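All residue numbers for the sequence shown refer to the working numbering, where the first residue is 110 and numbers rise by one.
Note that the Cβ used here is the ideal one computed from N, Cα and C, for glycine as well.
Just so you know, these numbers come straight off a predicted model, no measurement behind them.
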Amino acid sequence: MELVKDALPEVLLIRAHNPLTLLHKALSIGLHGRTDEQCLESARIVRVALVEFSDRLAQVLKDDAEVTNALSQLLRAQNKG
Numbered sequence: 110m111e112l113v114k115d116a117l118p119e120v121l122l123i124r125a126h127n128p129l130t131l132l133h134k135a136l137s138i139g140l141h142g143r144t145d146e147q148c149l150e151s152a153r154i155v156r157v158a159l160v161e162f163s164d165r166l167a168q169v170l171k172d173d174a175e176v177t178n179a180l181s182q183l184l185r186a187q188n189k190g
């Protein structure tokens, strides 16, 4: 985790926090010895963070695909002219 924690693009951060680091820490905490309620709360928190990260990642990938497509069209138009 130390090797990749700074590799995440800023656009994927959630309120200036790396979601992978946050999730790693949350999942590293031992669940044994905790009550069912505590485990369920941890699962809820992890779900919220994963959904937000997933939404951000999907948007970044969509944006990248749109830019790639636009550039391809511009280059084709230039090559024709």
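Chain-order list of residues whose beta-carbon lies under 7 Å from that of residue i (same chain, five-residue window excluded)
i: Arg185; result: none
Where residue i sits in the DSSP three-state scheme
i: His126; result: strand
i: His141; result: coil
i: Glu111; result: coil
i: Ala135; result: helix
i: Leu121; result: helix
Limits of the alpha helix (DSSP H) - the one that residue i falls within
i: Val157; result: Asp145 to Lys189
With 16 other Cβ atoms within 10 Å as the buried cut-off, status of residue i
i: Pro128; result: buried
Cutoff 6 Å; reference residue i; Cβ partners in own chain excluding five residues on either side
i: Phe162; result: Pro128
Own chain partners of residue i with C-beta closer than 8 Å, once the 5 adjacent residues on each side are dropped
i: Val113; result: Leu129
i: Val120; result: Arg165 and Val169
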